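Enquirer: If you read the sequences in order, they're chains A and B.
So that you can map any letter, position 218 of the first sequence is 218 in full-length UniProt numbering, and since no number is skipped, the others follow by simple counting.
So that you can map any letter, position 17 of the second sequence is 17 in full-length UniProt numbering, and since no number is skipped, the others follow by simple counting.
Number of protein chains: 2
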Amino acid sequence: MKRKAARATISDVAKAASTGKTSVSRYLNGEHHALSAALKQRIEEAIAALDYRPSQMARGLKRGRTRLIGLIIADITNPYSVDVLSGIEAACRAQGFTLLVCNTNNEVDQERHYLQLLSSYQVEGIVVNAVGMREEALSMLQQSLLPMVLIDRKIPDFACDVVGLNNAEAASVATEHLLANGYQAILFLSEPLGLVNTRLERLQAFKATAQRHQLASAEQAEAALNEAAKLDSILRDFYQRHQQHNCAVMVANGSLTLQVARALRRLGLRWGPDIGLLGFDELEWAELAGVGITTLKQPTWQIGYAALQQVIRRIDGDEQPLAEQMFPGELVIRGSTSPQ
Amino acid sequence: MKRKAARATISDVAKAASTGKTSVSRYLNGEHHALSAALKQRIEEAIAALDYRPSQMARGLKRGRTRLIGLIIADITNPYSVDVLSGIEAACRAQGFTLLVCNTNNEVDQERHYLQLLSSYQVEGIVVNAVGMREEALSMLQQSLLPMVLIDRKIPDFACDVVGLNNAEAASVATEHLLANGYQAILFLSEPLGLVNTRLERLQAFKATAQRHQLASAEQAEAALNEAAKLDSILRDFYQRHQQHNCAVMVANGSLTLQVARALRRLGLRWGPDIGLLGFDELEWAELAGVGITTLKQPTWQIGYAALQQVIRRIDGDEQPLAEQMFPGELVIRGSTSPQ
DNA sequence: CTGTTAGCGCGTTCAT
DNA sequence: ATGAACGCGCTAACAG
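(1) Judging by CA-CA distance, which residue of B:Ala218, B:Ala38, B:Asp51 is the nearest neighbour of B:Asp12?
(2) Please tell me whether A:Val173 and A:Leu331 are closer than 7 Å, where the distance is taken between their beta carbons.
(3) Within 10 Å of its beta-carbon, does B:Leu225 have 16 or more other beta-carbons around it, so buried, or fewer, so exposed?
(4) Identify, in the order they occur along the chain, each residue of the same chain with its Cβ nearer than 7 Å to the Cβ of B:Gln95, setting aside the five sequence neighbours on each side.
(5) Using a Cβ-Cβ distance cut-off of 7 Å, determine whether A:Ala58 contacts chain B.
(6) Name the residues in the segment 259-280 of chain A whose C-beta lies less than 9 Å from a C-beta of chain B; which are they?
(7) Of all the residues that make up the segment 103-117 of chain B, which are near chain A by a beta-carbon distance shorter than 8 Å?
(8) Note down, in chain order, each residue of its chain lying with its Cβ closer than 8 Å to the Cβ of A:Arg334, except the 5 sequence neighbours on either side.
(9) Of all Cβ atoms in chain B, is any one closer than 7 Å to the Cβ of A:Trp285?
(10) Spatial neighbours of B:Phe327 within its chain, please: C-beta separation below 8 Å, excluding the five flanking residues on both sides.
(11) Assuming B:Glu111 and B:Ile72 form a contact by the criterion Cβ under 8 Å, report the distance between their Cβ atoms to the nearest whole angstrom.
(12) Using only the alpha-carbon positions, how far apart do A:Gln211 and A:Glu219 sit?
(13) Go through its chain and collect everything with a Cβ distance to B:Asn78's Cβ below 8 Å, but skip five positions before and after it.
(14) Would B:Leu61 and A:Leu61 qualify as a contact pair, given that the criterion is a beta-carbon distance under 7 Å?
(15) Exposed or buried, B:Gly87, counting other C-beta atoms within 10 Å across all chains shown (16 or more means buried)?
(16) Enumerate in chain order the residues of its own chain whose CB-to-CB distance from B:Glu135 is below 8 Å, with the five nearest sequence positions on each side excluded.
(17) Which residues in chain B sit within 7 Å of A:Ser119, going by Cβ to Cβ distance?
(18) So who's on the other strand from B:Ala248, going by DSSP bridges?
(19) A:Gly125 and A:Ile315: beta carbons closer than 7 Å?
(20) Just verifying my parser: in three-state terms, what is the DSSP assignment at A:Cys92?
(21) Show which residues of chain A have a CB atom less than 7 Å away from the CB atom of B:Ala14.
(22) Starting from the Cα of B:Ser139, find the closest Cα among B:Pro156, B:Met148, B:Ile43 and give me that residue.
(23) A:Ser25 touches chain B at which residues, Cβ-Cβ below 8 Å?
(24) When the Cα atoms are used, what is the spatial distance from A:Ser190 to B:Ala261?
(25) My guess is that A:Ala70 and A:Leu178 are in contact by the Cβ rule of under 8 Å, so how many angstroms apart are they, rounded?
(26) Is the Cβ-Cβ distance between B:Ala205 and B:Ala168 less than 7 Å?
(27) So which residues of chain A does B:Leu85 contact, with C-beta pairs closer than 7 Å?
(28) Measure the Cβ-Cβ separation of A:Asn105 and A:Gly182 and say whether it is below 7 Å.
(29) With 16 other CB atoms within 10 Å as the buried threshold, where does B:Ala37 fall?
(30) Quick check on DSSP: helix, strand or coil for B:Asn105?
(31) Whose Cβ in chain A lies nearer than 9 Å to the Cβ of B:Val249?
(32) Taking C-beta pairs closer than 8 Å, name the residues in chain A that B:Thr98 reaches, listed in chain order.
(33) Just the Cα atoms here: how many angstroms apart are A:Tyr92 and A:Leu68?
(34) With distances taken from CA atoms, which of A:Thr19, A:Val108, A:Leu35, A:Ser55 is nearest A:Ala46?
(35) Between which two residues does the alpha helix (DSSP H) holding B:Ser255 run?
(36) What whole-angstrom Cβ distance do B:Ala289 and A:Ala263 have, given they're in contact under 8 Å?
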């Protein structure tokens with residue numbers, strides 16, 4: 001007695017429909033023009049009766065097309081990444097691809113593991129959501145020969161399609177908003193800059209805009225997400241030096257904004273009344289925190305969708321030089337950037 | 001000239017090591033006892049030289065073991081689900097499985113689509129993270145014959161392993177906390193109860209505990225996540241009837257807590273000073289919202305990890321009657337449950 | 001229009 | 001200890 005009914009194969013269907021495997025295969029692949037109505041009918045019934053579903057394994061083995069796409073995410077707990085994932089997934093469904101999601105948890109050996117894995121499963125393309133990814137982790141990607149697209153971040157010296165935010169424009173808009181609201185000292189706060197282009201571009205646009213408008217004091221500081229003490233001292237120092245003017249902090253991403261908000265809490269400073277606060281990336285709780293936190297919202301879903309479309313274009317043989325799609329951000333104004 | 005170097009196959013390796021495929025296969029599967037040191041050496045070098053990696057497709061086809069596990073998530077934007085996902089993923093890595101993540105977005109036809117897909121890829125087991133899943137969507141799962149485990153929620157009349165929170169205990173602890181802090185009227189607020197066992201169990205434990213302690217007023221109401229107006233009226237009404245006493249709201253899950261917080265904002269009510277607030281599920285921003293929101297934190301990561309272990313046990317042929325693992329929650333006390 | 005045949009890359013008897 | 005040959009489920013080339 002069998003443990004469980006073995007799955008029906010294409011041969012079973014062929015037998016049940018008293019025909020050959022080829023015709024069944026043709027039916028499955030939509031080559032309806034080459035099948036008589038009667039045969040189609042029989043095949044259809046056989047498939048239904050046996051609850052047959054073709055094995056993607058065998059199909060991929062034969063054709064070399066697995067219709068599989070790998071997604072590498074540095075940190076799946078990051079809301080930005082999750083939103084992007086939604087967009088990617090929607091695009092996959094629309095195009096008939098399946099997504100293999102790999103969360104590297106920002107660990108290099110996990111990334112190595114997953115790259116091998118994706119290769120083992122013969123994925124046809126890879127999307128890398130590099131948000132929050134450390135630089136060393138990115139280096140590993142360079143060896144892959146598959147169609148690949150980067151989200152949010154570029155890799156120095158590595159020619160690869162990129163989809164992300166128009167950082168220069170966004171940072172400029174954000175800075176101008178703060179200037180327009182009368183802030184006279186602004187601190188640009190980010191995780192360690194390194195060679196991370198998003199941070200560098202945002203910083204540069206901030207500086208340029210500040211200079212263009214002759215901002216009295218444009219400062220810059222870096223702190224890692226887990227350096228609470230350092231964050232405290234940076235913020236305390238900045239506030240003490242500028243509390244007589246209107247001063248504000250501009251935070252380069254959502255994860256850090258959360259930490260900054262916690263730090264300000266610890267220091268007893270209220271965003272809005274005491275100090276301005278503006279963060280990149282929308283936060284679902286932004287309106288609930290005190291007077292609300294002004295954010296620069298990214299079109300995350302669209303970014304994910306566009307990224308997947310781009311990989312597919314490459315899979316389909318597109319040899320265009322190099323695509324770099326930059327989406328505009330949207331400023332969501334809340335209480336944290338209203339002085340007094 | 002070939003477009004890109006075709007991947008090396010097991011035959012290539014065999015040729016390069018001047019041996020047969022069989023030995024290479026044995027080497028790959030760790031049957032080291034049956035290989036001479038010299039041959040192992042040659043194979044090892046050939047694999048390295050060709051950058052060979054076995055095709056999981058072919059392997060799965062032959063052995064019938066794909067080492068693939070499917071995960072069905074109702075709503076990937078739910079932080080609870082993401083945390084659980086982390087745990088599942090860690091367990092997968094530890095056990096040598098790969099995860100196929102499917103986000104149904106709470107749409108029935110997407111679920112149908114993904115169930116077929118998982119079956120096509122011959123996954124060996126399925127984990128269903130039912131958090132936020134509508135009842136009608138769950139019904140579809142019943143037909144799958146694969147090893148399957150449910151997270152968080154049970155399906156009526158469907159024998160299946162379940163991993164989740166000890167709802168009765170958790171709700172009891174939460175209720176007693178409110179009682180101890182002097183609240184005399186408590187409103188239990190959830191999404192529509194339906195037949196969702198988590199909601200029912202939490203409600204029942206709330207009622208039982210309230211009765212045992214002779215709480216003056218224990219009320220209950222339901223509202224869907226998108227019914228802002230209804231939420232407003234429920235809360236306004238409750239507050240007006242009880243504002244002379246200390247009154248509190250207990251919310252059955254994190255997504256709804258977010259909506260409740262927004263509603264209270266709209267109504268101009270402050271949690272803590274004006275009305276008590278306690279929510280199931282930890283929120284990363286809980287401490288930043290006003291005086292902070294008291295939450296009942298679930299061991300999400302562990303729940304995910306345990307769920308995957310359970311599926312694997314079934315895959316390995318475990319025929320135990322039925323496992324129901326219930327983890328304890330942890331009350332995280334913040335300002336929202338301190339009256340006056 | 002339809003069936004027959006030959007692999008895709010791998011694991012697995014079964015001989016050597 | 002090692003290799004030759006067969007077949008997993010499917011598609012593609014080639015007959016009929």
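Idealized CB from N, CA, C, for every residue including glycine.
Quick caveat, the model's predicted, so the values are computed rather than measured.
Expert: According to the structure shown:
(1) For the residues B:Ala218, B:Ala38, B:Asp51, the minimum Cα distance to B:Asp12 belongs to B:Asp51.
(2) yes
(3) By the Cβ neighbour-count rule, B:Leu225 is exposed, with fewer than 16 other Cβ atoms within 10 Å of its own.
(4) Ile312
(5) yes
(6) Across the segment 259-280 of chain A, CB contacts with chain B closer than 9 Å involve Ala261, Arg262, Arg265, in sequence order along the chain.
(7) Asn103, Asn105, Gln110, His113, Gln116, Leu117
(8) Ala286, Glu287, Val291, Gly292, Ile293, Thr294, Thr295
(9) yes
(10) Val163, Gly164, Leu165, Asn166, Gln298, Pro299, Gln302, Ile303, Ala306
(11) 7 Å
(12) Answer to the nearest angstrom: the Cα atoms are 11 Å apart.
(13) Val131, Gly132, Gly254, Ser255
(14) yes
(15) Buried, since its Cβ has 16 or more Cβ neighbours within 10 Å.
(16) Answer for B:Glu135: Gly194, Leu195, Val196, listed in chain order.
(17) Arg53
(18) B:Ile186, B:Gly276
(19) yes
(20) helix
(21) By Cβ distance, chain A contributes nothing, its closest Cβ being about 19 Å from B:Ala14, past 7 Å.
(22) B:Pro156
(23) Neighbours of A:Ser25 on chain B: none; closest Cβ ~15 Å, over 8 Å.
(24) 29 Å
(25) As written in the sequence, residue 70 of chain A is Gly, which differs from the Ala given in the question. Contact flag wrong, Cβ pair sits at about 40 Å.
(26) yes
(27) In chain order: Ile76.
(28) no
(29) With fewer than 16 other Cβ atoms inside 10 Å of its own Cβ, B:Ala37 counts as exposed.
(30) The answer is coil: DSSP assigns B:Asn105 none of H, G, I, E or B.
(31) Going along chain A, no residue has its Cβ under 9 Å from B:Val249, so there is no contact; the nearest lies around 15 Å.
(32) Correct list: Leu100, Leu117, Tyr121.
(33) Strictly speaking, residue 92 of chain A in this sequence is Cys, with Tyr absent from that position. Rounded to whole angstroms, A:Cys92 to A:Leu68 spans 9 Å at the Cα level.
(34) A:Thr19
(35) 254-267
(36) About 16 Å; that fails the 8 Å criterion.
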